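A.B. asks:
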Amino acid sequence: MTTEERIHALLLGTAIGDSVGLPAEGLSPANIAKRAWGSPWKQRFIASKGMWSDDTEHTILLTQALNHSHGDPRVFQRHLARSFRYWMLLLPAGVGFATARSIIKLWFGFSADRSGVFSAGNGPMMRAALLGPAFPHQPEKRQAWNRLQTRITHTDPKAEWSSRAIVEIAALFAEEDHPTTEQLFERVSFADSSTEFRRLLDDTHRSLIEGESLATLITRWGGHPHRGISGYAYHTLAAILYVGVRHDWRAEVALPEVWSLGGDTDTTGAILGALCGCRHGLSEVPKNWTHGILEFPAGPTCFATLAKSICQGHPLRVRGDLSPRVALRNLLFLAIVLGHVLIRWIPRFTPRASQLPKPNPPAPFASSEKGDLATDSTARDAGDLRHPDSQ
Numbered sequence: 001m002t003t004e005e006r007i008h009a010l011l012l013g014t015a016i017g018d019s020v021g022l023p024a025e026g027l028s029p030a031n032i033a034k035r036a037w038g039s040p041w042k043q044r045f046i047a048s049k050g051m052w053s054d055d056t057e058h059t060i061l062l063t064q065a066l067n068h069s070h071g072d073p074r075v076f077q078r079h080l081a082r083s084f085r086y087w088m089l090l091l092p093a094g095v096g097f098a099t100a101r102s103i104i105k106l107w108f109g110f111s112a113d114r115s116g117v118f119s120a121g122n123g124p125m126m127r128a129a130l131l132g133p134a135f136p137h138q139p140e141k142r143q144a145w146n147r148l149q150t151r152i153t154h155t156d157p158k159a160e161w162s163s164r165a166i167v168e169i170a171a172l173f174a175e176e177d178h179p180t181t182e183q184l185f186e187r188v189s190f191a192d193s194s195t196e197f198r199r200l201l202d203d204t205h206r207s208l209i210e211g212e213s214l215a216t217l218i219t220r221w222g223g224h225p226h227r228g229i230s231g232y233a234y235h236t237l238a239a240i241l242y243v244g245v246r247h248d249w250r251a252e253v254a255l256p257e258v259w260s261l262g263g264d265t266d267t268t269g270a271i272l273g274a275l276c277g278c279r280h281g282l283s284e285v286p287k288n289w290t291h292g293i294l295e296f297p298a299g300p301t302c303f304a305t306l307a308k309s310i311c312q313g314h315p316l317r318v319r320g321d322l323s324p325r326v327a328l329r330n331l332l333f334l335a336i337v338l339g340h341v342l343i344r345w346i347p348r349f350t351p352r353a354s355q356l357p358k359p360n361p362p363a364p365f366a367s368s369e370k371g372d373l374a375t376d377s378t379a380r381d382a383g384d385l386r387h388p389d390s391q
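Residue 391 is where the sequence shown ends in the numbering used here, and the numbering goes up by one at each step.
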């Protein structure tokens, strides 16, 4: 598999993981199961079509910044920071709190080196994978460029180590045809990281070997798996590693499992989809999910062109920073998101049967001249008066 094909599959995997998982974002595993969305998973953002969120948008912006950097890391960082500023100006419907604060700081004149906020969110992870196949066999370069892209928005070392882990997994897949699980965990156990980070990796590896459930693992690390996988970088990384290794990074089986975990489904799906695509290539990217993506002005067809531009070193922009078409797309996206929110909240304001006012009790049966027995018709009518709870 060529590097161009691998990058193409990575970008496409990001898009399907993001778009299919997006409608389930914020839902618990129980709620997802109740809706029977996993039977089977498909595009359902609007009818039977899907759109992607900030996860894929930021991956495209990072790819364009890499294209225009000409190998200069500082040019890459400045270009990406500028793209983030304009991206925020067009009012995207979904943006992480830490990312939003950092971009606001960029607008107030902070440099890309000082704009990040102290957060261990998974924002840098969602856009990082591309740096792996872009710089194969160049670990120092991967680390430096990942640090630059991470610190534009996040300064907590946990966020940087976690995004670096995603980069290194993608690089391993680009460098080795048949990497082992041991190689993978050894690659991401950075000597310059914290003891806590390496303990998370060891714990995840041990859980896989011993057959321990992911819910038990996440709970041990302070998560609440009954609510879903949170946006905390450590929880996201543990879930990606666990599900990816368990299913040999096969998108067709790995992505449905990570979506069914609930929580930050679009981001976990985007990251896992990127790694699955990088590992197995285009042949393993399910076409039914790909064909359901409805995007403009830059749709899935642009990924082949982006991949070629990365490999050939030709600057390319498939998404303008201040394009009116992007603004129109964001308005449409926002309207659909608000529709999803409304559908979710309507049941909360619809009173249940037990909350409805109880009907007035039936009038006492009228006595007949022949005794106190009600007539047949009265008895029949009274018997039909049932409390709503019994219906």
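Ideal Cβ placement from N, Cα and C applies to all residues, glycine included. Just so you know, these numbers come straight off a predicted model, no measurement behind them.
Given a cut-off of 8 angstroms, decide if P124 and Q149 are closer than it, judged by their beta-carbon atoms.
C.D. replies: Yes, the pair counts as a contact, with Cβ atoms nearer than the cut-off.
A.B. asks: How far does the alpha helix (DSSP H) with E5 in it reach, from first residue to last?
C.D. replies: Residues 3-21.
A.B. asks: Does the pairing of the stretch 313-333 with the stretch 292-301 give three or more beta-carbon distances under 8 angstroms?
C.D. replies: Because the criterion of three Cβ pairs below 8 angstroms is met, the stretch 313-333 and the stretch 292-301 touch.
A.B. asks: Taking the beta carbon of W345 as the centre, do at least 16 other beta carbons fall within 10 Å, making it buried, or is it exposed?
C.D. replies: Exposed, because fewer than 16 other Cβ atoms sit within 10 Å of the Cβ of W345.
A.B. asks: If you drop the 5 nearest sequence neighbours on each side, which residues of the same chain put their C-beta closer than 6 angstroms to that of G96?
C.D. replies: Closer than 6 angstroms at Cβ, skipping near neighbours: G121, G123.
A.B. asks: Whole angstroms are fine: how far does the CA of F76 sit from the CA of R82?
C.D. replies: R82 and F76: Cα-Cα distance of roughly 10 angstroms.
A.B. asks: In angstroms with no decimal places, state the Cα-to-Cα distance between N67 and A30.
C.D. replies: Distance between the alpha carbons of N67 and A30: 43 angstroms.
A.B. asks: In terms of residue numbering, what span does the alpha helix (DSSP H) encompassing W107 cover?
C.D. replies: Per DSSP, W107 belongs to the alpha helix (DSSP H) from 97-107.
A.B. asks: Based on DSSP bridge pairs, tell me the residues matched to I166.
C.D. replies: BP columns for I166 are empty, so no partner.
A.B. asks: State the start and end residues of the unbroken alpha helix (DSSP H) segment that holds G277.
C.D. replies: Element bounds for G277: 265-280.
A.B. asks: Do you know how far the Cα of H224 is from the Cα of A112?
C.D. replies: A112 and H224: Cα-Cα distance of roughly 34 angstroms.
A.B. asks: Would you kindly report the start and end of the unbroken alpha helix (DSSP H) that includes A254?
C.D. replies: Taken as a continuous stretch (DSSP letters only), the alpha helix (DSSP H) holding A254 covers 251-260.
A.B. asks: Whose C-beta lies closer than 7 angstroms to the C-beta of P256 among residues of the same chain, with five residues either side of it excluded?
C.D. replies: Cβ neighbours of P256 beyond the five flanking positions: G38, W41.
A.B. asks: Mind checking which residues open and close the alpha helix (DSSP H) that includes W87?
C.D. replies: Per DSSP, W87 belongs to the alpha helix (DSSP H) from 73-89.
A.B. asks: How many Å lie between L172 and L272 at the Cα?
C.D. replies: Approximately 15 angstroms between the Cα atoms of the pair.
A.B. asks: Between A251 and V285, is the Cβ-Cβ spacing less than 8 angstroms?
C.D. replies: A contact, by the Cβ cut-off of 8 angstroms.
A.B. asks: Where DSSP assigns a beta bridge to G121, which residues make up the other side?
C.D. replies: Looking at the DSSP assignment, G121 forms a beta bridge with Y232.
A.B. asks: Looking only at its chain, what residues have a beta carbon closer than 7 angstroms to the beta carbon of T181, apart from the 5 residues adjacent to it on each side?
C.D. replies: If we look at T181 and ignore the five residues flanking it on each side, its Cβ neighbours are V245.
A.B. asks: What are the partner residues of K42, as DSSP defines its beta bridges?
C.D. replies: Per DSSP, none; premise fails for K42.
A.B. asks: Have a look at S163, T14, I336 and flag the residue whose alpha-carbon is nearest the alpha-carbon of I60.
C.D. replies: Cα-wise, what sits closest to I60 is T14.
A.B. asks: Name the two residues that bound the continuous alpha helix (DSSP H) containing T153.
C.D. replies: No alpha helix (DSSP H) contains T153, which DSSP labels as neither H nor E.
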